[in-house]
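Enquirer:
2 protein chains.
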Amino acid sequence: MSAHASGLSLLTISAVERETGLLKDTLRVWERRYGFPKPIRDDAGERLYSLEDVSKLRLIRRLMDQGWRPGKLLAASAAELQLIIEAEQASRVPALLAGELLDAIRSHDVEALRRVFQQTLLEKGLQGLVTDLVAPLNVDIGEAWLRGDIGVPDEHFYTEQTQSFLRGTLASYARTGKPPRVLLTTLPEEEHALGLLMVEVMLTAEGAQCCSLGPRMPLADIRTSALTAGADVVALSFSSAFPVRQAIAGIRTLREALPPTVELWVGGAGARDKLRNETGVQVIRGIGDVGAAVCAWREAHAGH
Amino acid sequence: MSAHASGLSLLTISAVERETGLLKDTLRVWERRYGFPKPIRDDAGERLYSLEDVSKLRLIRRLMDQGWRPGKLLAASAAELQLIIEAEQASRVPALLAGELLDAIRSHDVEALRRVFQQTLLEKGLQGLVTDLVAPLNVDIGEAWLRGDIGVPDEHFYTEQTQSFLRGTLASYARTGKPPRVLLTTLPEEEHALGLLMVEVMLTAEGAQCCSLGPRMPLADIRTSALTAGADVVALSFSSAFPVRQAIAGIRTLREALPPTVELWVGGAGARDKLRNETGVQVIRGIGDVGAAVCAWREAHAGH
DNA sequence: CCCCTTTTTTGTCCTGGACAAAACAAGACT
DNA sequence: AGTCTTGTTTTGTCCAGGACAAAAAAGGGG
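Sequences listed follow chains B and S, in order. Under the working numbering, the first residue of the first sequence is numbered 1, with each subsequent residue one higher. Under the working numbering, the first residue of the second sequence is numbered 1001, with each subsequent residue one higher.
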């Protein structure tokens, strides 16, 4: 009868994997190499991590996504980590996430959050809502979390409600069904559903015919889907944490597998910098450029 | 220079884990014990699985979710597996998934699928749409996949579009904001977002104040959220594949952590049978009973 | 039939070594 | 300056095979 894992204060290695996204193998090798995290063991010799360890690991994970190397972070004390976070944030000023908006997210106030979205929608339109509110807010939320201003459930709440609002607005949007017909998804390693949805909104607002398969689609299935659905464009989204070389490999394979008449568009924070000169691939630099890409496609295909 | 994993025909063990949901450790121990799957090795001795192996594994995974033991399935040949599938399906008749609907899903026809949803919405209302179309359709889709009538991307497409439609309808629904205030989520091990959304629809249609945190919420955070949001009810959803004992452990911990004034509702295919007599927990037997639960709550709290 | 205990099956965790893949650094070329 | 090599360091993933926890099935009273 060993210690049970259902409690609130000590987590098994698989629970930590789930919470932090760090593989069990990685957690073990970090312990071996850097001496952190160093969990206690239960009677059977199995690791049990404290909540402090888990939150430090989550912090480390985020900083790694922003480009920091694990070697530095794992050697650092809590105080040194704090310094790194402050240095990280010195440059940016989260102007959006304040006042009413911050309160709404922290108190899980569905109505208040929707009110802000609704008002922005009326003021700036659907595309403006995405480019001027949701996109920058995503960044701010991540940073506020890093500072400890908001917690995990607050972030879940924000993601869930934003998704609902965007999907809702999308549903009531008149569908013109003009070309191009775009197939939208991410590679299997990429979770990032909100980014995908933002692109879907931009495309639909532009009047394009948009078919989203959701995230995590195997390469072979992307190809099949594009053919059976008769897509003009396959659009992929990459978050900033996506490993560059894997992205390139996937994109090249897909480019080869697709007929040349089908365009391949690539966007998201992870695509911006590093995927420049791939032949036969259109890089969309920011969420605001989706509209331009659609227009360009239409001009190129105007002669029918 | 070893074989690269980006290709379309051979998958590394981590890719198979991603595709099938079976842990690497499980795949290795199956190979050791049952001799299947037996992948070839690259120059470095690392496993490379064929597409056939992967689809057989996916099949096995689904049958296990329906209660079959791995020992039987892994010893079975392809033909024997086929027999099991047929036996499995003999009982049920997928009446819904046919004709227009099946074609729409297979050809990724967004408009056609929405048309069916829209019509059902007009005929049967929001709750009827969920209970009479979406809920049974989910089951049919799973079975059609098992038979090989539809593929992985078709299923993704269906899930994505259904989610969009439900969320869209929800957004345009007038929010009365009557009590009870329900916090909606799943335990960390449970992915099943569509089931959660169906419950949200039922609750909202009933006029309840519903706050969804999306799936995969840690126990400690559920507690915190329920308190800060001032929830009257915490509702959890379980899919049929969820391990019973883990569910019970989680529910008990949560029940203890929550104040007694906050009710705990548990629903979904996984909750129906096995979670009967937990004290202080309300089991919702089917998606159709959500409405009744809300009414019961209101009567019990009518005296203010 | 339901509840409890024992046995069997099955999945997860362990160690420590090896090495693939990614990131970085330094030099060479345009 | 940028960008393409090529070498070096860091970092993550894989492997083998043993151990054992957890889940399921089977057995045995009440």
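All C-beta atoms, glycine included, are put in the ideal place defined by N, C-alpha and C.
What does B:Pro-188 reach in chain S if we use C-beta pairs closer than 8 Å?
Expert: On the first sequence, position 188 is the one that residue 188 of chain B refers to. Going along chain S in sequence order, the residues near B:Pro-188 (Cβ under 8 Å) are Ala-1015, Arg-1018, Glu-1019.
Enquirer: Under 7 Å Cβ-Cβ, which residues of chain B neighbour S:Cys-1211?
Expert: For the purposes of this step, residue 1211 of chain S is identified with residue 211 of the second sequence, where counting begins at 1. Going along chain B in sequence order, the residues near S:Cys-1211 (Cβ under 7 Å) are His-108, Val-110.
Enquirer: For the segment 1151 to 1172 of chain S, which residues have a CB atom closer than 9 Å to at least one CB atom of chain B, in sequence order?
Expert: If the cut-off is 9 Å between Cβ atoms, the segment 1151 to 1172 of chain S has Gly-1151, Val-1152, Pro-1153, Asp-1154, His-1156, Phe-1157, Thr-1159, Glu-1160, Gln-1161, Gln-1163, Ser-1164, Phe-1165, Leu-1166, Arg-1167, Gly-1168, Thr-1169, Leu-1170, Ala-1171, Ser-1172 near chain B.
Enquirer: What are the boundary residues of the alpha helix (DSSP H) that includes S:Ala-1302?
Expert: Here the question's residue 1302 of chain S lines up with position 302 in the second sequence. S:Ala-1302 -> no alpha helix (DSSP H), and no H or E assigned at all.
Enquirer: Is it a yes or a no for the segment 1190 to 1204 of chain S touching the segment 1149 to 1169 of chain S, going by three-plus beta-carbon pairs under 8 Å?
Expert: Segments in contact, yes.
Enquirer: Using a beta-carbon distance below 8 Å, is B:Leu-8 in contact with chain S?
Expert: The residue labelled residue 8 of chain B in the question sits at position 8 within the first sequence. Cβ-Cβ to chain S under 8 Å: yes for B:Leu-8.
Enquirer: On a Cα-Cα basis, can you pick out the residue from B:Leu-113, B:Arg-47, B:Arg-18, B:Asp-42 that is closest to B:Arg-32?
Expert: As a working mapping, residue 32 of chain B is identified with position 32 in the first sequence. The shortest Cα separation from B:Arg-32 among B:Leu-113, B:Arg-47, B:Arg-18, B:Asp-42 belongs to B:Arg-47.
Enquirer: Quick one: complete beta strand (DSSP E) runs, 3+ long, within the segment 1218 to 1266 of chain S?
Expert: The segment 1218 to 1266 of chain S contains these whole beta strand (DSSP E) runs: 1233 to 1237.
Enquirer: Could you have a look at B:Gln-66 and say whether DSSP puts it in helix, strand or coil?
Expert: The residue you call residue 66 of chain B lines up with position 66 of the first sequence. B:Gln-66 falls in the coil class under three-state DSSP.
Enquirer: Helix, strand or coil for S:Gly-1286 per DSSP?
Expert: Residue mapping note: residue 1286 of chain S aligns to position 286 of the second sequence, counting from 1. Correct three-state label for S:Gly-1286: coil.
Enquirer: DSSP three-state call for S:Thr-1020: helix, strand or coil?
Expert: On the second sequence, residue 1020 of chain S is found 20 positions in, with the first residue counted as 1. In this structure, S:Thr-1020 counts as helix in the three-state DSSP scheme.
Enquirer: For S:Leu-1219 and chain B, any beta-carbon pair shorter than 8 Å?
Expert: Locating residue 1219 of chain S in the second sequence gives position 219, counting from the first residue. Judged by the 8 Å Cβ criterion, S:Leu-1219 is in contact with chain B.
Enquirer: B:Pro-180 lies in the beta strand (DSSP E); which residues open and close that run?
Expert: For the purposes of this step, residue 180 of chain B is taken as residue 180 along the first sequence, with counting starting at 1. Its beta strand (DSSP E) spans residues 178 to 185.
Enquirer: When DSSP labels each residue in this structure, what does B:Ala-208 get in the three-state scheme?
Expert: The residue you call residue 208 of chain B lines up with position 208 of the first sequence. The answer is strand: DSSP assigns B:Ala-208 an E or B state.
Enquirer: How long is the line joining the alpha carbons of S:His-1004 and B:Ala-293, rounded to whole angstroms?
Expert: Walking along the second sequence from the start, residue 1004 of chain S turns up at place 4. Walking along the first sequence from the start, residue 293 of chain B turns up at place 293. Low per-residue confidence applies at S:His-1004: pLDDT is 43, beneath 50, and the placement is therefore not dependable enough to give any value.
Enquirer: Between the segment 1125 to 1150 of chain S and chain B, which residues of the former have a C-beta closer than 8 Å to a C-beta of the latter?
Expert: Answer set for the segment 1125 to 1150 of chain S: empty.
Enquirer: Does the beta carbon of S:Thr-1279 come closer than 8 Å to any beta carbon on chain B?
Expert: The sequence position of residue 1279 of chain S within the second sequence is 279, counting from 1. So no, S:Thr-1279 is outside the interface.
Enquirer: So which residues of chain S does B:Gly-214 contact, with C-beta pairs closer than 7 Å?
Expert: Translated into the one-based positions of the first sequence, residue 214 of chain B becomes position 214. Near B:Gly-214 (Cβ distances below 7 Å), the residues of chain S are His-1156, Thr-1159, Glu-1160.
Enquirer: Any contact of the segment 280 to 288 of chain B with the segment 253 to 264 of chain B, i.e. 3+ C-beta pairs under 8 Å?
Expert: Output reads yes: the segment 253 to 264 of chain B touches the segment 280 to 288 of chain B.
Enquirer: Roughly how many angstroms separate the alpha carbons of S:Phe-1117 and B:Ala-98, rounded to a whole number?
Expert: The sequence position of residue 1117 of chain S within the second sequence is 117, counting from 1. The sequence position of residue 98 of chain B within the first sequence is 98, counting from 1. Cα to Cα, S:Phe-1117 sits roughly 39 Å from B:Ala-98.
Enquirer: Under a CB-based cut-off of 8 Å, is S:Thr-1026 close to chain B?
Expert: By one-based count along the second sequence, residue 1026 of chain S stands at place 26. No, S:Thr-1026 does not count as interfacial toward chain B.
Enquirer: Run through DSSP, which three-state label would S:Leu-1133 get?
Expert: Here the question's residue 1133 of chain S lines up with position 133 in the second sequence. Helix, per DSSP.
Enquirer: Got a sec? Which residues, its chain only, sit under 8 Å from S:Glu-1017 by beta carbon, not counting five neighbours each side?
Expert: As a first step, residue 1017 of chain S is located in the second sequence; it is residue number 17 there, counting from the start. Once the five neighbours on either side are set aside, the close Cβ partners of S:Glu-1017 are Leu-1023, Lys-1024, Leu-1027.
Enquirer: Is B:Ala-79 closer than 8 Å to B:Tyr-34 when the C-beta atoms are compared?
Expert: If you number the first sequence from 1, residue 34 of chain B lands on position 34. If you number the first sequence from 1, residue 79 of chain B lands on position 79. Their beta carbons are not under 8 Å apart, which means B:Tyr-34 does not touch B:Ala-79 by this criterion.
Enquirer: Assuming contact is defined by CB atoms lying nearer than 8 Å, are B:Asp-152 and B:Val-233 in contact in what I supplied?
Expert: Along the first sequence, read from residue 1 onward, the residue named residue 152 of chain B stands at position 152. Along the first sequence, read from residue 1 onward, the residue named residue 233 of chain B stands at position 233. In the sequence under discussion, the amino acid at residue 152 of chain B is Val, which differs from the Asp named in the question. No, these two residues do not count as a Cβ contact at 8 Å.
Enquirer: To the nearest angstrom, how far is the alpha carbon of B:Gly-127 from that of B:Arg-272?
Expert: Within the first sequence, the letter at position 127 stands for residue 127 of chain B. Within the first sequence, the letter at position 272 stands for residue 272 of chain B. Note that residue 127 of chain B is Gln in the sequence shown here, rather than Gly. Distance between the alpha carbons of B:Gln-127 and B:Arg-272 is about 20 Å.
Enquirer: What are the boundary residues of the beta strand (DSSP E) that includes S:Leu-1048?
Expert: Stepping through the second sequence from its first residue, residue 1048 of chain S is reached at position 48. 1047 to 1050 is the span of the beta strand (DSSP E), which, as asked, contains S:Leu-1048.
Enquirer: Could you tell me the distance, in whole angstroms, from the CA atom of B:Pro-70 to the CA atom of B:Val-54?
Expert: In the first sequence, counting from the first residue as 1, residue 70 of chain B sits at position 70. In the first sequence, counting from the first residue as 1, residue 54 of chain B sits at position 54. Roughly 15 Å between the two C-alpha positions.
Enquirer: Which residues, in order along the segment 32 to 56 of chain B, keep a beta-carbon less than 7 Å from a beta-carbon of chain S?
Expert: Listed by position, the residues of the segment 32 to 56 of chain B near chain S (Cβ gap below 7 Å) amount to none.
Enquirer: Is the separation between the beta-carbon of S:Pro-1215 and that of S:Ala-1249 shorter than 8 Å?
Expert: Locating residue 1215 of chain S in the second sequence gives position 215, counting from the first residue. Locating residue 1249 of chain S in the second sequence gives position 249, counting from the first residue. The answer is no: Cβ separation not under 8 Å.
Enquirer: Which chain B residues sit within Cβ distance under 7 Å of S:Ser-1225?
Expert: As a working mapping, residue 1225 of chain S is identified with position 225 in the second sequence. Residues of chain B passing the Cβ test: His-108, Pro-153.
Enquirer: With a threshold of 8 Å between beta-carbons, can B:Thr-176 be considered close to chain S, or not?
Expert: Residue mapping note: residue 176 of chain B aligns to position 176 of the first sequence, counting from 1. No, because no Cβ of chain S sits closer than 8 Å to the Cβ of B:Thr-176.
Enquirer: Does DSSP put B:Ile-40 in a helix, in a strand, or in coil?
Expert: Counting from one through the first sequence, the residue named residue 40 of chain B turns up at place 40. Correct three-state label for B:Ile-40: strand.
Enquirer: Do we get a CB-CB distance below 8 Å when we pair B:Ala-235 with the residues of chain S?
Expert: Working through the first sequence from its first residue, we reach residue 235 of chain B at position 235. Chain S, which has no Cβ nearer than 8 Å to the Cβ of B:Ala-235, makes this no.
Enquirer: Does B:Ala-229 get closer than 8 Å to chain S when you measure Cβ to Cβ?
Expert: Taking the first residue of the first sequence as 1, we reach residue 229 of chain B at position 229. Yes, B:Ala-229 lies at the interface with chain S (some Cβ there is under 8 Å from its Cβ).
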